[in-house]
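Taking it in order: structure first as structure tokens, then the write-up.
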Amino acid sequence: MGQSFPPTRKRLTTSPRTNWSPSPSTPWAEGQLADLGEDAIKTKAELKDKSKAMVRLETEVAELTSKLALAKKLIIEEFKSSDDFKEVVTDSTATYFSDGFEFYKRQLLYQHPNLGVDVASMEMDADLVEEDKVAKTGEKEEDNEGEANPTP
1 MGQSFPPTRK RLTTSPRTNW SPSPSTPWAE GQLADLGEDA IKTKAELKDK SKAMVRLETE
61 VAELTSKLAL AKKLIIEEFK SSDDFKEVVT DSTATYFSDG FEFYKRQLLY QHPNLGVDVA
121 SMEMDADLVE EDKVAKTGEK EEDNEGEANP TP
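If you use the UniProt record's numbering, the sequence shown corresponds to residues 1 to 152, in order.
Written out as structure tokens, the structure is:
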């Protein structure tokens, strides 16, 4: 039993398109290939330019990062050599040790209540503090003797 087709339509055994293939000799195909070739060349050039720019920017970032680290280091060193730093360290040290001294006085009273020492009036000796200041000033003057402009 065969297939029946309507009388108005004929059965095609081969499609006219199956035998057609674009050949490079057709103007349409040549134009397409030329456009694709130009696009590929442009894309390759853009990729190369972007790669160069990326390398340049990565180098610049590395350089700026190292400069930033060096600047931070120099700022810290400068601050450490300043009088402000010395003042901060001296104040914090004095606070720390004076708190420790107060704790020591309480321990002394607790462990030896019958010593008869008036711990409430016990303070650092003002003469010792003054001697320490004079000694530090003398050290500064000795350090400044070789300099053209000694610091006060």
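In this text, a Cβ means the ideal position worked out from N, Cα and C, and glycines have one as well.
LEU74: member of the alpha helix (DSSP H) spanning 27-81, first to last residue.
Between the alpha carbons of LYS42 and ALA29 lies a gap of roughly 20 Å. Rounded to whole angstroms, the gap between the alpha carbons of GLU131 and GLY138 is 11 Å.
One alpha carbon belongs to LEU36, the other to ALA45, and they sit about 14 Å apart. Per the coordinates, the alpha-carbon of GLU60 lies some 43 Å from the alpha-carbon of ASP91. Look at LEU108 here: in three-state DSSP terms it is helix.
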